[in-house]
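Novice:
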Amino acid sequence: MKDIPRAVAQAQRSLRTSVPDLQWRFLRENEWLRDEVALVHAEEAAGGAVPEIAHDDIVHGRVSRRQIERIRRRGCVVVRRVFDPAQVLEWNEEIRRYIDDNGYLERARSKAGLDKYFSALASGRPQIFGLYWSRPQMQARQAEAMNSTRSFLNRLWTYEKNGVRFFDPDRQANYADRIRRREPGDATLGLSPHSDGGSVERWCESSFRPVYREVFEGDLARFGPFDAEGRTGTREIPSPAVCSAFRTFQGWTALSRQGPGDGTLRLVPVARTAPWMLLRALMPDVPEGDLCGAQPGRALGATPEWHAALREGLVSIPLMEPGDTVWWHPDVIHAVEDRHKGSEHSSVIYIAAAPWCDKNRDFMARQAPAFLAGRSSPDFAPEDHETDFKGRATIDDLTALGKCQMGLRPWDQ
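In terms of the numbering used here, the sequence shown is residues -13 to 399.
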């Protein structure tokens, strides 16, 4: 798209006239969302709206069908004790030394402003470190426990249909993301509710239409957030920190104990929010050329002005211990608490589930040279802090599985 504002206005006008029974569709979604948010509040009051399972139950096949259906409905899950807490505390300390010994903070100040992905979100930017290649990050990504967790999550999706396999659920692509290390007492570095699976592209980029075909032209009741058809073929508008890989789940691994009030994650635990978001922007009260504030190359915000009904469902995730992980569907609205009221750093490694597919294979081909040279992951601002960092992971730190996951070794060897 060369002229994005024109493409946005044209797509909005076209959809307003072409979507069958547009007003009825939105009213139906509005009623469904209202009921679902009420159910979220009831579950939260009864013990928690975010599902929780143990990694050991994944390994031994003890996750029940009922648990799986709840995860698919809520679009998120906490997987407990993926890693041994003692190992995680060692990783956390090594990351602290990696930051301090290499003078990361001083370097980061000189490159401030390169990452503009979250600039349109009201609360600003959280305390996230542009580091991708520390040894603990690589060790956590390639670990067998992480591999089994992500395979389980990938298999919650419909990844094969009509003889076409969209991705391999049991082979991972190690999408490199950053570190959060939020200081206690911080009150400025929250993150407003948003999702990351495309912004204006959802309405005006043709490669996104297969994903939302049932919303715009088909049977709305058949839209499934876990249907992978079309998801691996989307084309995002290039921008620093826009994910150009396919993730079945975003996620992070807790490096420290953290819970509600500690500047941690909040979710709207509803997987099926995309139809409501898409149709909301087509309603008559939204000005032409304005998709409820969506901006190209930015996170898709859920704003008080346009999305109040959705934001009513925000809840904080439960208390996390070192080694626990949390995962959320790419369409799920999420946020970071504005204030860290705790007494310790709230620290995580961001690790997503990104199964092997053509889209992710192509991304690995771009990411692997960045890893080898210590440059920033290609989806993020080119800060390139780690090129000369002591203690940076190298190819010698990768296992055979890790090399495959990074695209540095063929899977069939």
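We put the CB at the ideal spot given by N, CA and C, even for glycine. Owing to the predicted nature of the structure, the values given are computational and were not obtained by experimental measurement.
Would the beta-carbon of P308 fall within 7 Å of that of L117?
Specialist: Cβ atoms of P308 and L117: not closer than 7 Å.
Novice: Spatial neighbours of S225 within its chain, please: CB distance less than 6 Å, with the 5 preceding and 5 following residues excluded, ordered by chain position.
Specialist: Closer than 6 Å at the Cβ level, and outside the excluded window around S225, lie G283.
Novice: Report yes if the CB atom of V63 is closer than 7 Å to the CB atom of W313, and no otherwise.
Specialist: Against a cut-off of 7 Å, the Cβ pair of W313 and V63 comes out as a contact.
Novice: On the three-pair Cβ rule with 8 Å, is the segment 164 to 174 touching the segment 279 to 299?
Specialist: Verdict: no, contact absent.
Novice: Ends of the alpha helix (DSSP H) at E80?
Specialist: First-last of the alpha helix (DSSP H) with E80: P71 to D87.
Novice: For Y336, list the residues DSSP reports as bridge partners.
Specialist: DSSP output for Y336 lists W238 as bridge partner(s).
Novice: Enumerated in chain order, which unbroken segments of the beta strand (DSSP E) with a length of 3 residues or greater are wholly contained in the segment 282 to 367?
Specialist: You should have 311 to 314, 320 to 322 and 332 to 336.
Novice: Out of A367, L305, A339 and S363, state which residue places its alpha-carbon closest to the alpha-carbon of F153.
Specialist: F153 has its Cα closest to that of A339, out of A367, L305, A339 and S363.
Novice: Assign E92 to buried or exposed, taking buried as 16 or more other Cβ atoms, counted over all protein chains shown, within 10 Å of its Cβ.
Specialist: With fewer than 16 Cβ atoms within 10 Å of its Cβ, E92 is classed as exposed.
Novice: If you reduce the DSSP assignment to three classes, tell me which class F115 lands in.
Specialist: Strand.
Novice: Along the chain, where does the beta strand (DSSP E) containing S181 start, and where does it finish?
Specialist: L177 to S181 is the span of the beta strand (DSSP E), which, as asked, contains S181.
Novice: By the 10 Å Cβ neighbour count, where 16 or more other Cβ atoms means buried, how is R83 classified, buried or exposed?
Specialist: With fewer than 16 other Cβ atoms within 10 Å, it is exposed.
Novice: Measuring only the C-alpha atoms, how far is R168 from S332?
Specialist: Their Cα atoms are separated by approximately 5 Å.
Novice: Use the C-beta contact count for P211: other C-beta atoms within 10 angstroms, 16 or more gives buried, fewer gives exposed.
Specialist: With 16 or more other Cβ atoms within 10 Å, it is buried.
Novice: Could you pull the DSSP bridge partners for A40 from this structure?
Specialist: Partner(s): R66.
Novice: So the candidates are R221, A(-5), R378 and H320; which of them puts its Cα closest to the Cα of E274?
Specialist: It is A(-5) whose Cα lies nearest to the Cα of E274.
Novice: Hey, could you find the ends of the beta strand (DSSP E) Q53 is sitting in?
Specialist: Element bounds for Q53: not the beta strand (DSSP E) but the alpha helix (DSSP H), R51 to R60.
Novice: Between the C-alpha atoms of I303 and P246, what's the straight-line distance to the nearest angstrom?
Specialist: If you take the alpha carbons of I303 and P246, they lie about 7 Å apart.
Novice: For P37 versus G183, is the C-beta distance shorter than 7 Å?
Specialist: The answer is no: Cβ separation not under 7 Å.
Novice: Which of the three DSSP states, helix, strand or coil, is assigned to P(-9)?
Specialist: P(-9): helix per DSSP, three-state reduction.
Novice: Who are the Cβ neighbours of I54 in its own chain at under 8 Å, not counting the five residues just before and after it?
Specialist: Hits under 8 Å: L142.
Novice: Taking the C-alpha atoms as reference points, what is the distance between Q(-2) and A72?
Specialist: Going by the C-alpha atoms only, they are around 53 Å apart.
Novice: On the criterion of 16 or more Cβ atoms from any shown chain inside 10 Å, does A131 qualify as buried, or is it exposed?
Specialist: Buried.
Novice: Just the C-alpha distance for A354 and L394, rounded to the nearest angstrom, thanks.
Specialist: Rounded to whole angstroms, A354 to L394 spans 7 Å at the Cα level.
Novice: Which runs of the alpha helix (DSSP H) fall wholly inside the segment 178 to 224 and span at least 4 residues, in chain order?
Specialist: The qualifying runs are 187 to 190 and 199 to 202.
Novice: Work out the CA separation of S120 and M269 for me, nearest whole Å.
Specialist: Cα to Cα, M269 sits roughly 47 Å from S120.
Novice: Whole angstroms is fine: what's the gap from L8's alpha carbon to L265's?
Specialist: Cα-Cα distance, rounded: 8 Å.
Novice: By DSSP, does L139 sit in helix, in strand, or in coil?
Specialist: DSSP places L139 in helix when its eight states are reduced to three.
Novice: What three-state label does DSSP hand K376 in the structure shown?
Specialist: Coil.
Novice: How far does the beta strand (DSSP E) with L253 in it extend, from its first residue to its last?
Specialist: Note, L253: beta strand (DSSP E), L251 to L253.
Novice: Drop a sphere of 10 angstroms on the beta-carbon of G388, count the other beta-carbons inside from all chains shown, and report buried for 16 or more, exposed for fewer.
Specialist: Its Cβ being crowded by 16 or more others within 10 Å, G388 is buried.
Novice: Tell me which residues share the same chain as D344 and place their Cβ nearer than 7 Å to its Cβ, disregarding the 5 neighbours each side in the sequence.
Specialist: Once the five neighbours on either side are set aside, the close Cβ partners of D344 are T218.
Novice: Helix, strand or coil for R(-1)? Go by DSSP, reduced to three states.
Specialist: Here R(-1) sits in helix by DSSP.
Novice: State the Cα-Cα distance for the pair M124 and P155, rounded to the nearest angstrom.
Specialist: Distance between the alpha carbons of M124 and P155 is about 20 Å.
Novice: Take L300 and list the residues in its own chain whose beta-carbon comes closer than 6 Å to its own, dropping the five residues that flank it on each side.
Specialist: Closer than 6 Å at the Cβ level, and outside the excluded window around L300, lie R252 and V254.
Novice: From which residue to which residue does the alpha helix (DSSP H) around D21 run?
Specialist: Element bounds for D21: L8 to A31.
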